[in-house]
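Trainee:
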């Protein structure tokens, strides 16, 4: 939405606003300069607080655009994720990979957050031999934030597909305050990525995806998983599976996968 034409204000008010804002970035300075250039269309003087409010609004819009641009770049970083996956699974990497790292994870878990990038690097360097499936395992001590964020990721997958969901999952791990503190209002968080906040709101208010999350959790529990992260490695060639519990470095993961391939 275009901002209304700004009325006249004095240079003193501008410098007062600069003092309040403690302006140090070139972009902020350019916003002040833009406001000064509009004085020819002005009829009234603005107070310092009004100038601060106007500049803050413009900076908020610019910050949102930068966040959205960053998210679009992030989507491209997850190019190995197919836009759509059979059975609406969350899979990163080749669907036909020999090995699947099935991760049972909680977005609010600090160790899951720490391991997230390592799992991606393993797939990126596997030349199609390994893929990664995300399974929801929100821990009770991290709820309701963990469960709601799990549902939010599924809402993104439903509306935008598998690849965008992986980029959103990445942002959840990056932005969460962890241990049940979450990322704040979820529709607002969706908007910060350029996604529909209204669609997120409606999805979260519905019963959609609750069965999927419950199913993932029960599946992990039957395998003896009680904490996160936990990995079940599926070898589609031999039919064997292997359970690895706890945080592992990319090097440890690669070593384990090599052993499975050589078994």
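In the numbering used here, the protein residues as written are 1 to 263. Note that the Cβ used here is the ideal one computed from N, Cα and C, for glycine as well. Since the structure is predicted, the reported quantities are computational estimates derived from the model, not experimental observations.
To the nearest angstrom, how far is it from the Cα of residue 238 to the Cα of residue 71?
Mentor: Rounded to the nearest angstrom, the two C-alpha atoms are 38 Å apart.
Trainee: Would you kindly work out how many angstroms separate the C-alpha atoms of residue 63 and residue 166, rounded to a whole number?
Mentor: One C-alpha to the other measures close to 22 Å.
Trainee: On the three-pair Cβ rule with 8 Å, is the segment 188-203 touching the segment 130-140?
Mentor: The segment 188-203 vs the segment 130-140: no contact.
Trainee: Per DSSP, which one or two residues make a beta bridge with residue 210?
Mentor: The partner list for residue 210 (beta bridge, DSSP) is empty, contrary to what the question assumes.
Trainee: So residue 232 is in the beta strand (DSSP E); what residue range does that whole segment cover?
Mentor: Note, residue 232: beta strand (DSSP E), 230-235.
Trainee: Using the DSSP secondary-structure output, state which residues sit across from residue 104 in a beta bridge.
Mentor: Note: residue 104 sits in a beta bridge opposite 135 and 230.
Trainee: Put residue 69 into one of helix, strand or coil per three-state DSSP.
Mentor: The answer is helix: DSSP assigns residue 69 an H, G or I state.
Trainee: Alpha carbon to alpha carbon, how far is residue 189 from residue 108? Give it in angstroms, no decimals.
Mentor: Rounded to the nearest angstrom, the two C-alpha atoms are 15 Å apart.
Trainee: Would you tell me roughly how many angstroms separate the C-alpha atoms of residue 169 and residue 102, rounded to the nearest one?
Mentor: Spanning the two alpha carbons is a distance of roughly 15 Å.
Trainee: Is residue 233 near residue 260, with beta carbons less than 9 Å apart?
Mentor: Yes, they are a contact pair.
Trainee: Take residue 217 and list the residues in its own chain whose beta-carbon comes closer than 6 Å to its own, dropping the five residues that flank it on each side.
Mentor: Counting only Cβ-Cβ distances below 6 Å, and skipping sequence neighbours, we find 137.
Trainee: Extract the residue ranges of the alpha helix (DSSP H) inside the segment 144-170, only unbroken runs of 4 or more that lie entirely within it.
Mentor: The segment 144-170 contains these whole alpha helix (DSSP H) runs: 145-160.
Trainee: Does the segment 119-129 touch the segment 172-183, meaning 3 or more C-beta pairs lie closer than 8 Å?
Mentor: The segment 172-183 is not in contact with the segment 119-129.
Trainee: Which residues does DSSP list as the beta-bridge partners of residue 245?
Mentor: Residue 245 pairs with 230.
Trainee: Would you please state the rounded distance, in angstroms, between the beta carbons of residue 228 and residue 105? I believe it to be under 8 Å.
Mentor: Yes, residue 228 and residue 105 are in contact; Cβ-Cβ is about 5 Å, under 8 Å.
Trainee: So is residue 114 in contact with chain D if we call contact Cβ pairs under 9 Å?
Mentor: Looking at the structure shown, chain D is missing, and only one protein chain is on hand.
Trainee: Please state whether DSSP places residue 91 in a helix, a strand or coil.
Mentor: Correct three-state label for residue 91: strand.
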